[in-house]
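Below: one structure, written as structure tokens.
Number of protein chains: 2
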Amino acid sequence: MSRNKSYDENAVLERAMIVFWINGYEATSVRLLEKEMGINQFSIYSSFTSKKKLFIESIRRYREHVKQNVYQTLLREDAGMKELEQYLYKAARKKKKPGLSRGCLVVNTAAELVSSDEEIAAEVNGYFIFIREMLRKVLQTAVDKGEIAPDTDVEKQSAFFLGVMQGLSVASKTTDTGQLNDFVSVALKQIK
Amino acid sequence: MSRNKSYDENAVLERAMIVFWINGYEATSVRLLEKEMGINQFSIYSSFTSKKKLFIESIRRYREHVKQNVYQTLLREDAGMKELEQYLYKAARKKKKPGLSRGCLVVNTAAELVSSDEEIAAEVNGYFIFIREMLRKVLQTAVDKGEIAPDTDVEKQSAFFLGVMQGLSVASKTTDTGQLNDFVSVALKQIK
DNA sequence: CCTGTTTCTAAGCAACTGATTAGATATCAG
DNA sequence: CTGATATCTAATCAGTTGCTTAGAAACAGG
């Protein structure tokens with residue numbers, strides 16, 4: 001019975017996520033969203049209830065996005081120091097060409113909204129916990145493999161590298177690759 | 001000749017800076033500004049031309065603010081590792097009580113606006129250069145004092161600690177003090 | 001006191017904000 | 001095909017956005 005949706009909710013959510021990623025929450029209007037998602041406001045609201053809920057769904061979607069496109073290697077069971085090192089240097093190399101250093105959606109959100117919205121703050125927090133958990137596993141694997149000292153404090157080091165990644169995301173907005181490489185190299189040297 | 005201004009431009013700018021600091025640029029309306037600055041829109045525009053220019057002035061004002069209230073110790077000629085250490089642990093201890101972890105205005109701005117506004121990006125960049133210059137001096141003093149190894153790469157280390165500070169600003173929004181302390185302790189240990 | 005200039009108040013501007021709605025359109029069970 | 005239901009289009013809602021302006025009020029020089 002009844003009519004079918006003419007769009008794929010998953011696909012339009014991916015589009016929405018990218019728009020929020022580029023512009024931030026406040027600077028993204030529902031008009032812009034309907035244009036970029038390719039559906040009109042009625043459909044947006046009927047599928048996602050409100051702009052804020054769409055944004056929260058976008059953050060969750062972002063997590064899946066980076067799992068598959070950014071952290072796919074680090075998430076492998078056998079990922080250790082080599083993979084972490086590769087990831088960090090790659091992140092430092094991110095081109096910040098005119099207008100396009102969007103950084104990390106969640107870091108941007110932390111800066112923009114965490115102090116004013118608890119629901120979003122919880123979402124952001126969950127994301128960072130996920131990243132840290134990933135780092136814990138990677139570091140533990142590195143210990144098991146003998147790549148780093150057996151008495152390495154994985155708890156402390158995972159907190160450290162999470163902080164480094166957050167710093168990298170901010171720094172990459174204005175800083176050149178050389179300086180970012182210095183940052184990363186010092187961060188890595190202390191554990192080797 | 002003519003009437004006198006009934007407000008101090010310096011004082012109202014300080015108020016404006018704090019409002020932007022708490023809410024961010026987009027989420028701060030001119031109505032809110034006139035309420036918090038204690039003057040009406042006519043006066044805001046006659047003194048600061050536009051919301052954006054007022055914001056840029058606020059960033060400059062923020063720099064003076066932190067020079068006098070946050071980095072005053074680190075900016076002293078003789079500041080070395082002890083002062084850097086003290087500052088970082090203090091930053092890690094920043095209470096993020098309900099609604100009030102505003103972090104650093106410039107880091108927040110980097111996340112919110114750097115990708116969309118070049119003029120603001122330049123302002124943000126200038127601020128980070130200033131912080132790094134401060135770190136360079138502190139680290140060089142630490143070398144001269146013999147607090148850290150004489151062959152310390154001050155360039156790399158200043159880039160590193162700038163990144164650490166940026167990460168700390170983001171992390172402090174959602175992360176508890178214990179984890180922030182771990183982050184800071186690892187960052188400091190590698191140089192000692 | 002006047003006169004000229006500036007600052008102030010408060011109303012108003014068009015454009016945009018997130019969100020809703022009425023009516024047209026499509027779809028499927030029967 | 002018919003009828004019920006869901007989805008679409010497009011207009012519209014009240015409220016807010018950054019910014020401007022006309023006229024009242026305050027001040028200084030003469």
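Chains A and B are the protein sequences, given in the same order.
The first sequence begins at 1 in my numbering and counts up one residue at a time.
The second sequence begins at 1 in my numbering and counts up one residue at a time.
Note that CB positions come from ideal geometry on N, CA and C, so glycine has one too.
**Prompt:** Taking all protein chains shown into account, do 16 or more other C-beta atoms lie within 10 angstroms of the C-beta of Ile191 (chain B), making it buried, or fewer, making it exposed?
**Reply:** buried
**Item:** Closer than 8 angstroms to chain B by CB, Leu162 (chain A)
**Value:** yes
**Request:** At 3 residues or longer, and completely inside the segment 14-87 of chain B: list those beta strand (DSSP E) runs for me, N to C.
**Result:** none
**Min CB distance Ala91 (chain A) to chain B below 8 angstroms** = no
**Request:** Could you tell me whether the Cβ atoms of Ile131 (chain B) and Leu162 (chain B) are closer together than 8 angstroms?
**Result:** yes
**Prompt:** Using a C-beta cutoff of 8 angstroms, does Gly99 (chain B) count as contacting chain A?
**Reply:** With a pLDDT of 48 at Gly99 (chain B), under the threshold of 50, the modelled position of this residue cannot be trusted, and the question is left open.
**Asked** Contact check, Phe160 (chain A) vs Phe183 (chain B) under 8 angstroms by CB: the rounded distance?
**Response** 5 angstroms
**Segment contact flag, the segment 64-80 of chain B with the segment 37-48 of chain B, C-beta cutoff 8 angstroms, min 3 pairs** = no
**Message:** Tell me whether the segment 51-58 of chain A and the segment 127-144 of chain A touch, counting them as touching only if at least three CB pairs, one residue from each stretch, are closer than 8 angstroms.
**Reply:** no
**Item:** Neighbour-count burial assignment, Gly167 (chain B), 16 or more Cβ in a 10 Å radius
**Value:** buried
**Cβ pair count under 8 angstroms reaching 3, the segment 141-154 of chain A against the segment 114-128 of chain A** = no
**Rounded C-alpha distance that separates Lys67 (chain A) from Asn108 (chain B)** = 25 angstroms
**Request:** Under 9 angstroms between beta-carbons, which chain A residues line up against Ser116 (chain B)? List them in chain order, please.
**Result:** Ile22, Asn23, Gly24, Ala27, Gly99
**Request:** Compare the C-beta of Phe55 (chain B) against all C-beta atoms of chain A and say whether one is closer than 8 angstroms.
**Result:** no
**Request:** From the DSSP output, in three-state form, read off Thr177 (chain A) for me.
**Result:** helix
**Short-range partners of chain B found in the segment 120-133 of chain A, where Cβ spacing is below 7 angstroms** = Ala121, Val124, Asn125, Phe128
**Prompt:** With burial defined as no fewer than 16 other Cβ atoms inside 10 Å of the residue's Cβ, what is the status of Gln41 (chain B): buried or exposed?
**Reply:** exposed
**Prompt:** Are the CB atoms of Leu33 (chain B) and Ile44 (chain B) nearer to each other than 8 angstroms?
**Reply:** yes
**Asked** Would DSSP call Lys192 (chain B) helix, strand or coil?
**Response** coil
**Chain-ordered neighbours of Gln140 (chain B) on chain A, where CB pairs are closer than 7 angstroms** = In chain order: nothing, as chain A lies at least about 16 angstroms away.
**Prompt:** What did DSSP end up calling Glu9 (chain A) once you bin it into helix, strand or coil?
**Reply:** helix
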